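Numbering (the working numbering), first residue to last: 48 to 257.
What follows is one structure encoded as structure tokens, with my remarks underneath.
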């Protein structure tokens with residue numbers, strides 16, 4: 048009987064939490080104002096089976112975007128490359144890196160039939176302390192950070208698609224308006240910095256080990 052009551056209590060708390068979050072306007076899935084013209088699109092990638100490709104695809108579907116096969120009359124997102132770099136921010140007295148800054152960069156191209164193409168680069172930056180006495184724990188932490196970076200970059204890709212509404216209304220992808228200008232976006236966790244820029248030279252496809 049104790050187990051049954053405990054289970055019922057946990058279920059009630061989960062239901063209550065979900066109700067309160069919904070009442071506050073919080074949604075468990077992404078909810079960005081993606082133009083109707085992009086409600087159905089294809090996604091191609093430097094590696095169709097990469098972890099990042101799967102994350103982007105999942106994020107698109109969470110925002111009720113239908114993924115279809117590539118076709119000449121269907122908008123397309125092509126993931127050009129992704130990679131993670133690092134730089135040392137501070138050192139221990141032993142000259143070993145104490146604080147490290149990680150940057151995940153993803154480049155992608157958005158093509159809308161009869162309008163044109165835009166290429167973007169999204170970066171997610173986060174710093175963390177590297178304690179040599181807890182090497183294994185720090186390795187796990189770094190993997191978790193890189194995983195979160197990929198998720199935030201995928202979310203930013205969907206957000207940037209919403210900002211293409213001005214181009215669609217103008218009937219061209221050649222010019223960028225103030226309303227569409229990519230900008231730094233605060234992440235849910237203030238430890239991360241997200242930035243998107245429009246690029247005019249397509250980077251070469253590359254990736255790092257996941």
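We treat Cβ as the ideally placed atom computed from N, Cα and C, and that holds for glycine.
Computed from a predicted model, the values in this text were never measured in an experiment.
- Rounded to whole angstroms, the separation of the alpha carbons of residue 102 and residue 197 is 7 Å.
- Two segments are said to touch when three or more pairs of C-beta atoms, one from each, lie closer than 8 Å; by this definition the stretch 83-92 touches the stretch 108-116.
- Between the stretch 163-177 and the stretch 87-96 there are fewer than three C-beta pairs closer than 8 Å, too few to call the two in contact.
- Around the C-beta of residue 136, fewer than 16 other C-beta atoms lie within 10 Å, and the residue is accordingly described as exposed.
- DSSP lists 147 as the bridge partner or partners of residue 175.
- Counting only the Cα atoms, residue 117 lies some 20 Å from residue 98.
- Within the same chain, and ignoring the five residues on either side of residue 105 in sequence, the residues whose Cβ sits closer than 8 Å to its Cβ are 201.
- The Cβ neighbour count for residue 158, taken over all protein chains shown within 10 Å, is at least 16; the residue is labelled buried.
- Per the C-alpha coordinates, the member of 218, 208, 214 and 129 positioned closest to residue 107 is 208.
- The beta carbon of residue 160 lies closer than 6 Å to those of 120 in the same chain, with the five residues before and after it left out.
- Around the C-beta of residue 187, fewer than 16 other C-beta atoms lie within 10 Å, and the residue is accordingly described as exposed.
- The three-state reading of DSSP puts residue 218 in coil, since its state is none of H, G, I, E or B.
- Counting only residues of its own chain and dropping the five nearest sequence neighbours on each side, residue 153 has a CB closer than 6 Å to the CB of 129, 169 and 200.
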